[in-house]
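Each protein sequence line maps, in turn, to chains B and E. Using our numbering, you'd call the opening residue of the first sequence number 42 and step up by one each time. Using our numbering, you'd call the opening residue of the second sequence number 300 and step up by one each time. We put the CB at the ideal spot given by N, CA and C, even for glycine. Please read all numbers here as calculations on a predicted model, not as lab measurements. Data block below; observations after.
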Amino acid sequence: MFKKKLTLKILSVLIFSDLLETFTQFCFKKSTFSQSEFYITGLLDSVVFLKGVFSSPFLWVGLLSVALTFIIWSTILSKIDLSVAVPIASFSYILVPLVSIIFLHEKISALRWLGIFFILAGVIFVSLSSREKEANLE
Amino acid sequence: MKPGLIFILSLIALTSICDTINQLFLKSAINSLKISLTANIVKILQFIIRLIRTPRVWVGFLFSVLSLCIWLFVLSKVDLNYAFSADSMHYIFIAFASRHVLKENVGFKRWAGTIFIIIGIILVSLS
């Protein structure tokens with residue numbers, strides 16, 4: 042099974058999918074703003090909650106963005122290995138907090154950043170392990 | 300750690316589990332189709348159509364809808380940066396599921412990565 046090396050074109054598409062993933066999460070968060078005081082105690086409440094969220098245009102933009110991300114990922118994975126794609130894609134673990142600070146005015150402490158870097162390292166380790174598997178298949 | 304955070308963490312775990320179940324159904328559906336890798340756009344479309352006609356994909360899809368609903372509720376309660384970081388726990392569930400359900404080999408690097416993610420989630424939750 043031969044796959045191309047990471048080219049500048051694929052890299053740009055990957056970074057674009059990172060941005061898209063971050064945009065999706067931003068839209069989802071925005072769509073729940075009107076419902077932040079909502080407490081769900083029963084099944085009926087959750088229907089009312091979802092009705093409120095689904096009436097926000099942000100949610101639909103987010104869902105569109107999910108579909109687009111899925112298509113882009115399917116294409117990327119036919120061109121390069123998962124073990125190369127995932128570490129680059131995991132930059133959304135940095136991008137989402139940055140967007141949270143800039144556009145959602147959330148605050149992130151030093152300890153939380155440390156945690157985020159641990160998660161990032163973990164995700165990269167996990168994806169590198171699939172390289173061993175792919176190497177064994179060849 | 301704020302009160303109620305355990306509840307939110309459990310909900311995030313629930314969305315991660317739903318996501319993992321979705322992935323398992325998707326993977327098993329794809330495995331059953333026995334396709335070869337291609338960059339041909341027509342072949343990819345044919346593959347997607349065959350995939351959509353597999354019932355297992357729809358079961359997985361139901362779980363991903365459930366996961367989205369819980370995720371939206373979580374986002375209405377906590378900061379996005381917290382929820383997104385904690386959601387990385389799906390890597391842990393996927394590692395376990397790959398090992399025990401799909402009987403895949405999970406190597407040392409994957410377990411090391413999983414432990415890093417757990418430490419990260421604990422640090423993020425403490426702050």
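Taking the alpha-carbon of residue i as reference, which of the options has the nearest alpha-carbon?
{"i": "Thr63 (chain B)", "options": "B:Ser124, B:Pro138, B:Ile81, B:Ile113", "result": "B:Pro138"}
{"i": "Phe90 (chain B)", "options": "E:Leu371, E:Phe346, E:Ile347", "result": "E:Leu371"}
{"i": "Pro354 (chain E)", "options": "E:Ile340, E:Asn321, E:Gln345", "result": "E:Asn321"}
{"i": "Phe158 (chain B)", "options": "E:Ser384, E:Met388, E:Gly406, E:Lys402", "result": "E:Ser384"}
{"i": "Ser331 (chain E)", "options": "E:Ala312, E:Val341, E:Leu344, E:Ile351", "result": "E:Ile351"}
{"i": "His389 (chain E)", "options": "E:Cys368, E:Ser426, E:Gly412, E:Ile347", "result": "E:Gly412"}
{"i": "Phe111 (chain B)", "options": "B:Leu61, B:Gly156, B:Gly163, B:Ser168", "result": "B:Leu61"}
{"i": "Thr73 (chain B)", "options": "B:Gly163, B:Ser96, B:Thr82", "result": "B:Ser96"}
{"i": "Ser397 (chain E)", "options": "B:Phe99, B:Tyr80, B:Ser170", "result": "B:Ser170"}
Residue i CB to nearest chain E CB: under 7 angstroms?
{"i": "Glu62 (chain B)", "result": "no"}
{"i": "Glu179 (chain B)", "result": "With a pLDDT of 47 at Glu179 (chain B), under the threshold of 50, the predicted position of this residue should be treated as unreliable, though the coordinate-derived value follows. No, because no Cβ of chain E sits closer than 7 angstroms to the Cβ of Glu179 (chain B)."}
{"i": "Val89 (chain B)", "result": "no"}
{"i": "Val54 (chain B)", "result": "no"}
{"i": "Lys92 (chain B)", "result": "no"}
{"i": "Phe69 (chain B)", "result": "yes"}
{"i": "Leu84 (chain B)", "result": "no"}
{"i": "Ile113 (chain B)", "result": "no"}
{"i": "Leu49 (chain B)", "result": "no"}
{"i": "Leu145 (chain B)", "result": "yes"}
{"i": "Phe57 (chain B)", "result": "no"}
Taking 7 angstroms as the CB-CB limit, is residue i close to chain B?
{"i": "Leu371 (chain E)", "result": "yes"}
{"i": "Lys408 (chain E)", "result": "yes"}
{"i": "Ile427 (chain E)", "result": "Coverage of chain E is limited to positions 300 through 426, which leaves residue 427 (chain E) absent and any answer about it impossible."}
{"i": "Phe346 (chain E)", "result": "no"}
{"i": "Leu323 (chain E)", "result": "no"}
{"i": "Ser375 (chain E)", "result": "yes"}
{"i": "Ser387 (chain E)", "result": "yes"}
Which residues in chain B have a C-beta closer than 9 angstroms to the C-beta of residue i? List them in chain order.
{"i": "Gly412 (chain E)", "result": "Ala162, Gly163, Val164, Ile165, Phe166, Val167, Ser168, Leu169, Ser170"}
{"i": "Ser384 (chain E)", "result": "Tyr134, Val137, Pro138, Arg153, Gly156, Ile157, Ile160"}
{"i": "Cys368 (chain E)", "result": "Ser87, Phe90, Leu91, Val94"}
So which residues on chain E does residue i lean against when the C-beta distance must stay under 7 angstroms?
{"i": "Ser141 (chain B)", "result": "Asp378, Leu379, Asn380"}
{"i": "Leu152 (chain B)", "result": "Leu422, Leu425, Ser426"}
{"i": "Ile149 (chain B)", "result": "Asn380"}
{"i": "Thr73 (chain B)", "result": "Leu371, Leu374, Ser375"}
{"i": "Ser77 (chain B)", "result": "Ser375"}
Mind listing the chain B neighbours of residue i? Cutoff is C-beta to C-beta under 8 angstroms, in chain order.
{"i": "Phe360 (chain E)", "result": "Neighbours of Phe360 (chain E) on chain B: none; closest Cβ ~12 angstroms, over 8 angstroms."}
{"i": "Ala394 (chain E)", "result": "Val167"}
Could you tell me which chain B residues have their CB closer than 7 angstroms to the CB of residue i, listed as they occur along the chain?
{"i": "Gly419 (chain E)", "result": "Gly156, Ile157, Phe159, Ile160, Gly163"}
Name the chain E residues that come within less than 9 angstroms of residue i, Cβ to Cβ?
{"i": "Ile81 (chain B)", "result": "Phe372"}
Task: Stretch-stretch touch, CB-based, cutoff 8 angstroms, three pairs: the stretch 42-61 of chain B with the stretch 105-118 of chain B - done: Three or more pairs of CB atoms, one per stretch, sit closer than 8 angstroms, so the stretch 42-61 of chain B contacts the stretch 105-118 of chain B.
Open item on the list: Restricting to runs no shorter than 4 residues, where is the alpha helix (DSSP H) found entirely within the stretch 72-141 of chain B?
Closed with: Those alpha helix (DSSP H) runs which fall completely within the stretch 72-141 of chain B and span 4+ residues are 84-95, 98-120, 123-130.
- [ ] Could you say if the stretch 147-160 of chain B and the stretch 301-317 of chain E meet the contact criterion of at least three C-beta pairs nearer than 8 angstroms?
- [x] Three or more beta-carbon pairs separated by less than 8 angstroms are not found between the stretch 147-160 of chain B and the stretch 301-317 of chain E, which leaves the two stretches without contact.
TODO: Evaluate contact between the stretch 392-401 of chain E and the stretch 310-324 of chain E, counting only Cβ atoms and requiring at least three cross-stretch pairs below 8 angstroms.
DONE: Taking a cut-off of 8 angstroms on C-beta distances, the stretch 392-401 of chain E touches the stretch 310-324 of chain E, as three or more cross pairs fall below it.
Open item on the list: Under 8 angstroms, with one C-beta from each stretch per pair, do the stretch 66-81 of chain B and the stretch 102-111 of chain B reach the 3-pair mark?
Closed with: Three or more beta-carbon pairs drawn from the stretch 66-81 of chain B and the stretch 102-111 of chain B are found closer than 8 angstroms, and the two stretches are therefore classed as touching.
Open item on the list: Pairs of beta-carbons, one from the stretch 364-382 of chain E and one from the stretch 122-133 of chain B, closer than 8 angstroms: are there three or more?
Closed with: They do not touch, by the three-pair rule.
Open item on the list: Suppose only complete runs of 4+ residues qualify. What are the alpha helix (DSSP H) ranges in the stretch 143-171 of chain B, listed by chain order?
Closed with: Taking only runs of at least 4 residues, no alpha helix (DSSP H) segment lies wholly in the stretch 143-171 of chain B.
Task: Whole runs of the beta strand (DSSP E) within the stretch 300-336 of chain E, excluding any shorter than 3 residues - done: Taking only runs of at least 3 residues, no beta strand (DSSP E) segment lies wholly in the stretch 300-336 of chain E.
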